[in-house]
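Asks: A single structure is presented below for examination.
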Amino acid sequence: MLNRKDVLGLRDMSKEEILEILSVAKEMKQRIDHPHLRVDELRHTSIVTLFYENSTRTKTSFALAGKYLGATVQDLGIATSSVNKGESLIDTGKTLDQMGIEVMIMRNSLTGAPHVLARNVNAHVINAGDGSNEHPTQALLDLFTISEYKKSFEGLKVAIIGDISHSRVARSNVFGLQKLGADVTLAGPSTLLGSAQLLKVKTTSDIKEAVKDADVVMGLRIQFERQKTTNFPGIGEYRELFGINREILKYAKKDVLVMHPGPVNRGVELSTDVIDGGNSVINIQVKNGVAVRMAILKLLAKGGNQ
Ligand code: CP
């Protein structure tokens, strides 16, 4: 069982904890595929989702994950909540705590917001994405998906391509992949590689160099909403230099996995034939998101060390 109160990032998660989540996710995936295997293990658990930023996959899959385990799941629709009357994050958290909420799942544009919430509530807090910092459950579902196709992470060549500077997905994946022994290269326009230097991994603005002999190629969404200045001349140029298409994939291994956390800007980060092609596991990532989030909820709520 996870001996922790919260899941805030992969930077502070051990290899053993990651492997435990992946192992339980495998069991949970069986339960999704075979509903008669489902057990209401979290029958008396109350979960709330607090999404201060938009989401389709993360919010819905957490809601489904909780329901498949028998929990009560309530969404705090931020737009119609007292947040809009000026209530602070801490006061919102303490209010939900008093109602007996045991798990709070939060997405926020501010780096560290889930950490602040976690310090101020009794409930378990799960980070569903904080600014450009971390998106741990996305990385865990990415790791789980890779583990379904590749024998080992040791020495696995992974190229992560795109808007690295603003990507919480890239950061969480780097932490997780490195702990499991993978060889990670980050690639993108030099103007979008800034914070990558801090991650102690290879970086390049030559996509062919990054993709050469790769076992996994992960595209990232260009996060226009977080870019305060123009970081490249235009979409056309970005597509030309950093778009993942069939020609680029010829540099990778034949059985390369093509991944993307979604939502994808079709024809920009990835060409449509690659998104829908035989090497793409993007839809599998979405499905695995439910299983991995079931595993996290089960391990936290059943075994979390308060
Ligand atoms: N990958 C991801 O976080 O997707 P959503 O924004 O739809 O949750």
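Numbered according to our numbering, the sequence shown spans residues 942 to 1247. Even for Gly, the Cβ is constructed at its ideal location relative to N, Cα and C. As the structure is a prediction and not an experimental result, all values here were calculated from the model.
Taking Cβ positions, are THR986 and ASP1016 nearer each other than 9 Å?
Replies: no
Asks: Kindly identify the DSSP beta-bridge partner or partners of ARG1048.
Replies: PHE992
Asks: Could you tell me if TYR1090 is buried or exposed, where buried requires 16 or more neighbouring beta carbons within 10 angstroms of its beta carbon?
Replies: Classification of TYR1090: exposed, given that the 10 Å Cβ count is below 16.
Asks: Near LYS1035, which residues of its chain fall below 8 Å by C-beta distance, leaving aside the five closest residues on each side in sequence?
Replies: ASN1061 and VAL1062
Asks: In angstroms, rounded to a whole number, what distance separates the CA positions of ASP948 and LYS1194?
Replies: Looking at the sequence itself, residue 948 is Val, so the reference to Asp does not match. So the two alpha carbons sit approximately 34 Å from each other.
Asks: In or out: THR1021 buried (at least 16 other Cβ within 10 Å) or exposed?
Replies: exposed
Asks: Suppose contacts are defined by Cβ-Cβ distances below 9 Å. Is VAL1197 in contact with ILE1223 by that definition?
Replies: no
Asks: Between which two residues does the alpha helix (DSSP H) harbouring GLN921 extend?
Replies: In the structure as shown, the chain starts at 942 and stops at 1247, and residue 921 therefore has no counterpart that could be examined.
Asks: List the DSSP bridge partners of MET1159.
Replies: MET1159 is bridged to ILE1101 and MET1200.
Asks: Measuring from the CB of THR997, is there a heavy atom of the ligand CP at a distance below 8 Å?
Replies: yes
Asks: When the Cα of THR1132 is compared with those of SER1002, ARG1109 and ILE1105, which residue comes out closest?
Replies: ILE1105
Asks: Considering Cα atoms alone, identify which of ASP1083, HIS1107, ASP953 and ARG1109 is closest to VAL1099.
Replies: ASP1083
Asks: List the residues that DSSP assigns as beta-bridge partners of ILE1067.
Replies: VAL948 and ILE1046
Asks: Do you know how far the Cα of LYS1143 is from the Cα of SER996?
Replies: 30 Å
Asks: Does at least one heavy atom of the ligand CP sit under 8 Å from the Cβ of GLN1164?
Replies: no
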